[in-house]
Ligand code: GLY
Ligand code: MN
Ligand code: MN
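Numbering (my numbering), first residue to last: 8 to 454.
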């Protein structure tokens, strides 16, 4: 099967929808990401800005997309780096303005060096400027510098934009709702990540370093041409209780659990999966008791991921199960309703149950509308990731110390309910133990 991709038509539809939302008196200016230095002469791998990527699919830095609704000579203008044989010999190929038109669907394109001369002209007599204001002082200065160039022509009867609208106001609501083509991308990303988790489970042995298991994940990501959507968390024992643990340097010990939170990014789309499993392939009694609580909490939360429920319903469901579970484990005492009200679970479950997922791992989109949690609707994609953590200081029986468990899946809302994009990744105690014994689950991994 051919790997999915976003077509030029889909990019054009996105721009069209944004222009409709902006109105025909507006102009949008969307900058590409800039390259950033890691250390002397070494750059971080370039990652395109997600808004820019969503609207253009154009993969290069030093570019601006400009959307000018109704402009007869072309509504979609792209400024980008010119072709340059010397620079391309050193640093790689460039599309150039001609390639921007022929390969990326721009109506017209100009060298980035000409933007100061051309862009103010495009802004003339437009009422509203939509742009990512307030993210970078340097970018704000450039944007208002171009506006001021238009203002300077006021005496010749030219009007400059006088309304300034944050691009995200229109765009992030649009990005929150995934189109079928985007869901295909996200399914593919989740399938690759599922294969990576299975590979890690099957490679894991006591005595390995956490980074050796991380290497198994990376192998699977890269084998499919993807990269991590975020730094992989590979934490054995107590390290699994450090929520953002990315050192991945300790040696894995027999009898400990290993928590892996890792997902690849495919065509810009993130997956975000967590599994927690025993280093030696068999859960201890204490680990299993805690695991079953988190698993039940996740099932209860996922059951609430249906259209018409609100954003916080899955979290409330997870908190209820976790609290009752902590009581059953003898960690908390009292009436569950009181314990929930007093947030007694928080020392053991201190994060929320999920976030939107898309081009950004913590994707854009509002969680509240006014004072109320927003309602869930088809097309939204979210993670569901409850956990329980008994670090070295945890007030709990010694048998639970060093147990850190999180179970995270990627869930898309459908009209009928939901689809678990990462649903083939082993998750029950039996599935995990079976997988670690060398039996690869059917349908795990990307085609
Ligand atoms: N991996 C980031 C998160 O789970 O939110
Ligand atoms: Mn997550
Ligand atoms: Mn995660």
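Ideal placement from N, C-alpha and C gives every residue a C-beta, glycine not left out. These numbers were taken from a predicted model, which means no experiment stands behind them.
Cβ-Cβ distance between residue i and residue j below 9 Å
{"i": "residue 113", "j": "residue 84", "result": "yes"}
{"i": "residue 328", "j": "residue 321", "result": "no"}
{"i": "residue 2", "j": "residue 260", "result": "A question about residue 2 goes unanswered here, because the residues of the chain that appear run from 8 up to 454."}
{"i": "residue 452", "j": "residue 227", "result": "yes"}
{"i": "residue 381", "j": "residue 370", "result": "no"}
{"i": "residue 432", "j": "residue 280", "result": "yes"}
{"i": "residue 237", "j": "residue 270", "result": "yes"}
{"i": "residue 51", "j": "residue 182", "result": "no"}
{"i": "residue 252", "j": "residue 195", "result": "no"}
{"i": "residue 10", "j": "residue 205", "result": "no"}
{"i": "residue 267", "j": "residue 391", "result": "no"}
{"i": "residue 33", "j": "residue 137", "result": "yes"}
{"i": "residue 409", "j": "residue 244", "result": "yes"}
{"i": "residue 396", "j": "residue 250", "result": "yes"}
{"i": "residue 383", "j": "residue 315", "result": "yes"}
{"i": "residue 186", "j": "residue 22", "result": "no"}
{"i": "residue 300", "j": "residue 326", "result": "no"}
Rounded straight-line distance, which links the Cα of residue j to that of residue i
{"i": "residue 17", "j": "residue 241", "result": "36 Å"}
{"i": "residue 41", "j": "residue 65", "result": "13 Å"}
{"i": "residue 275", "j": "residue 334", "result": "42 Å"}
{"i": "residue 38", "j": "residue 109", "result": "20 Å"}
{"i": "residue 290", "j": "residue 212", "result": "14 Å"}
{"i": "residue 419", "j": "residue 425", "result": "5 Å"}
{"i": "residue 157", "j": "residue 164", "result": "10 Å"}
{"i": "residue 434", "j": "residue 296", "result": "15 Å"}
{"i": "residue 330", "j": "residue 337", "result": "11 Å"}
{"i": "residue 458", "j": "residue 208", "result": "Outside the displayed span of the chain (8 to 454) sits residue 458, for which this structure offers no information."}
{"i": "residue 367", "j": "residue 215", "result": "31 Å"}
{"i": "residue 354", "j": "residue 401", "result": "8 Å"}
{"i": "residue 180", "j": "residue 55", "result": "20 Å"}
{"i": "residue 104", "j": "residue 443", "result": "52 Å"}
{"i": "residue 438", "j": "residue 414", "result": "14 Å"}
{"i": "residue 167", "j": "residue 306", "result": "54 Å"}
{"i": "residue 124", "j": "residue 423", "result": "52 Å"}
{"i": "residue 377", "j": "residue 317", "result": "13 Å"}
{"i": "residue 265", "j": "residue 59", "result": "37 Å"}
{"i": "residue 446", "j": "residue 421", "result": "31 Å"}
{"i": "residue 411", "j": "residue 343", "result": "22 Å"}
{"i": "residue 121", "j": "residue 90", "result": "14 Å"}
{"i": "residue 95", "j": "residue 102", "result": "10 Å"}
{"i": "residue 282", "j": "residue 436", "result": "11 Å"}
{"i": "residue 148", "j": "residue 162", "result": "23 Å"}
{"i": "residue 254", "j": "residue 63", "result": "35 Å"}
{"i": "residue 363", "j": "residue 248", "result": "23 Å"}
Given residue i as reference, the closest of the options once Cα atoms are compared
{"i": "residue 359", "options": "366, 350, 365", "result": "350"}
{"i": "residue 278", "options": "99, 28, 430, 209", "result": "430"}
{"i": "residue 130", "options": "98, 82, 352, 142", "result": "82"}
{"i": "residue 176", "options": "102, 29, 339, 331", "result": "29"}
{"i": "residue 172", "options": "194, 201, 198, 141", "result": "141"}
{"i": "residue 361", "options": "319, 398, 354", "result": "319"}
{"i": "residue 71", "options": "97, 117, 397, 264", "result": "117"}
{"i": "residue 57", "options": "308, 365, 282", "result": "365"}
{"i": "residue 184", "options": "392, 386, 379", "result": "386"}
{"i": "residue 357", "options": "394, 346, 192", "result": "394"}
{"i": "residue 133", "options": "35, 436, 145", "result": "35"}
{"i": "residue 416", "options": "405, 377, 47, 388", "result": "388"}
{"i": "residue 441", "options": "284, 411, 428, 397", "result": "284"}
{"i": "residue 188", "options": "14, 376, 324, 422", "result": "14"}
{"i": "residue 229", "options": "247, 190, 21, 200", "result": "200"}
{"i": "residue 202", "options": "193, 346, 224", "result": "224"}
{"i": "residue 160", "options": "128, 147, 46", "result": "128"}
{"i": "residue 119", "options": "80, 148, 67, 79", "result": "67"}
{"i": "residue 78", "options": "115, 148, 403, 222", "result": "115"}
{"i": "residue 25", "options": "399, 73, 143, 145", "result": "73"}
{"i": "residue 192", "options": "247, 231, 106", "result": "231"}
According to DSSP, residues forming a beta bridge with residue i
{"i": "residue 3", "result": "Outside the shown range of the chain (8 to 454) lies residue 3, about which nothing can therefore be said."}
{"i": "residue 379", "result": "376"}
{"i": "residue 171", "result": "136"}
{"i": "residue 397", "result": "410"}
{"i": "residue 317", "result": "382"}
{"i": "residue 390", "result": "417"}
{"i": "residue 284", "result": "265"}
{"i": "residue 46", "result": "49"}
{"i": "residue 438", "result": "Paired residues: none, contrary to the question."}
{"i": "residue 67", "result": "Residue 67 pairs with nothing; no bridge assigned."}
{"i": "residue 38", "result": "71"}
{"i": "residue 277", "result": "272"}
{"i": "residue 33", "result": "135"}
CB contact below 9 Å: residue i versus chain D
{"i": "residue 409", "result": "No chain D is part of this structure, which consists of one protein chain only."}
Within the segment 71–129, ranges of the alpha helix (DSSP H) (whole runs, at least 4 residues): 92–98, 103–111
Every unbroken beta strand (DSSP E) within the segment 204–265, with a cutoff of 3 residues, ordered by chain: Along the segment 204–265, the beta strand (DSSP E) occurs as fully enclosed runs of 3 or more residues at 240–243, listed in sequence order.
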